[in-house]
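In our numbering, the protein residues as written are -13 to 173. Beta carbons: idealized from backbone N, C-alpha and C, even for Gly. Note that the structure is a prediction, hence the values are computed from the model and not measured. Have a look at the structure below, then the notes.
Laid out in C-alpha cells, this is it:
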C-alpha cells in the first residue's frame, strides 16, 4: 500500500507551531490551482444549469411533470448516498484521482443529456448525476488542503468559492437564454 502524498508546501519545513502549506499567492502560481478553478467553475455552471431546469428539460423530452419531479427526487436521494460514500472513499484512495473520476462522471452525465430519449438514457443521467453530485460533496473539501496544505486554507477556499458562485449564477441564466431563443433545451 502506497503512502499518501504530502500536501504541497514551501521548500523549507515549517517551524514548530507553524502550519504547512502554500500561501494564496504561491498557490495561484501552480497549475493545480487553475485546474481546480476551471473545474469548479464548469461543474457549478453545469450543475446549476441542470438543477434549475431539471424538470423542464425532462418535460421537453416527453416525460410528465410529475415523473420529472420524481426523477429529481431520485437524483437528490442518490446524492445523499453518494455524500456518505464519498466521505468514506476519500479516506482510502487518492483524492486527486477520485475527484478527477468524479469530474469525468459529471461530464459524461451532462453529455448524456444531449441524447435523452429512451428510458435507460434518462436513468443513466439520473444515477450518474446523483452519484457524482454526492461523491463530490465528500471529496471536494479534503482535496484543497491535500493540494495546497493548510497555511492559508481559508483564503484559498474563498478564492474557489468565487468561481462556485460565478458558475451557479451563470449556468441557469445561460440555459434560460438558450430556451428563450430556441424554445427548446436541445442545442
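Return yes when the C-beta of residue 34 is under 7 Å from any heavy atom of the ligand FMN, and no when it is not. By its list of ligands, the structure shown contains no ligand whatsoever, and the ligand FMN lies outside what it can speak to.
Along the alpha helix (DSSP H) that carries residue 121, what are the first and last residues, could you check? 105 to 134
Let me check understanding here. Comparing Cα to Cα, which of 130, 53, 107 and 155 lies closest to residue 94? That would be 107, whose Cα lies nearest to the Cα of residue 94.
Looking only at C-alpha atoms, which of 39, 136 and 9 sits nearest to residue 99? It is 39 whose Cα lies nearest to the Cα of residue 99.
Simplified DSSP state of residue 7, which is helix, strand or coil: Correct three-state label for residue 7: strand.
So, helix, strand or coil for residue 41, using DSSP? helix
Examine the Cβ distances between the stretch 3 to 20 and the stretch 133 to 150 and report whether three or more of them are shorter than 8 Å. Below 8 Å, enough C-beta pairs join the stretch 3 to 20 and the stretch 133 to 150 to call them touching: three or more.
Determine the direct distance from the alpha carbon of residue 43 to that of residue 169, and round the result to whole angstroms. 11 Å
Euclidean distance between Cα positions of residue 4 and residue 138: 11 Å
How long is the line joining the alpha carbons of residue 76 and residue 117, rounded to whole angstroms? 15 Å
Separation of residue 6 from residue 142, as counted between CA atoms: Approximately 14 Å between the Cα atoms of the pair.
So, for residue 128: in the same chain, excluding its five sequence neighbours on each side, which residues have a beta-carbon less than 8 Å away from its beta-carbon? 76 and 81
Which residues in the same chain have their Cβ closer than 7 Å to the Cβ of residue 47, if we skip the five residues on either side of it in sequence? Only 102 and 103 meet the Cβ criterion.
Helix, strand or coil for residue 2? Go by DSSP, reduced to three states. Of the three classes helix, strand and coil, the one that applies to residue 2 here is coil, per DSSP.
Check this for me: beta carbons of residue 72 and residue 124, under 8 Å apart or not? yes
Could you please give the first and the last residue of the uninterrupted alpha helix (DSSP H) stretch that includes residue 101? First-last for residue 101: undefined, no H or E at that position.
If I measure Cβ to Cβ from residue 78 and keep anything under 6 Å in the same chain, skipping five residues before and after, which residues do I get? none
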